[in-house]
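Position one of the sequence shown corresponds to residue 835 (my numbering), numbered consecutively onward. Don't be surprised by glycine CBs; every beta carbon is placed ideally from N, CA and C. Below you'll find the structure, written out as structure tokens, and then a few comments.
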Amino acid sequence: MDLLTYKEIDTGPDAPAHPSRAHRAWHWLLSLTPTAVTLMVALSLGLCMVAVQVSQWFVLTLMSVFWALTFIALVGMVARWMTTPGRGRHRMAA
């Protein structure tokens, strides 16, 4: 599924009338652009480097939560890329 398909699922005629916040957050996380996911990876690596040196629990917790969200977004982006046909991989939702 590419970004256009995700947008059609969220806003099309078969979309749920009142999606929950968790449902909207899940679709938002899985439909991030590759640039945003790359930025998330860079930020999470930087936060990891700081968290290891500081060794405070709240920084480690923040790093682990942000890394988990980054991992989910990265897996979603790779899955979306793998299921998109070859010539349409550059298409983006407007």
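Distance, Cα to Cα, Met-897 vs Gly-910?
Computed Cα separation, rounded: 20 Å.
With a threshold of 8 Å, are at least 3 pairs of Cβ atoms found where one atom belongs to the region 900-910 and the other to the region 873-883?
Touching, yes, given that three or more Cβ pairs across the two stretches are closer than 8 Å.
Roughly how many whole angstroms lie between the Cα atoms of His-861 and Met-883?
Cα to Cα, the separation comes out at about 29 Å.
Which word fits Met-874, buried or exposed, when buried means at least 16 other C-beta atoms lie within 10 angstroms of its C-beta?
buried
Can you check which of these residues, Thr-917, Val-912, Phe-892, is closest to Val-871 by C-alpha distance?
Val-912
Check Ser-854 in the structure and name its three-state DSSP category.
Looking at Ser-854 - three-state DSSP - the assignment turns out to be coil, as it is neither helix nor strand.
Output the distance between the C-alpha atoms of Thr-895 and Val-886, rounded to the nearest integer angstrom.
11 Å
Thinking just about the alpha-carbon of each residue, which of Phe-892, Pro-868, Trp-891 is nearest to the one in Ile-906?
Answer by Cα proximity: Pro-868.
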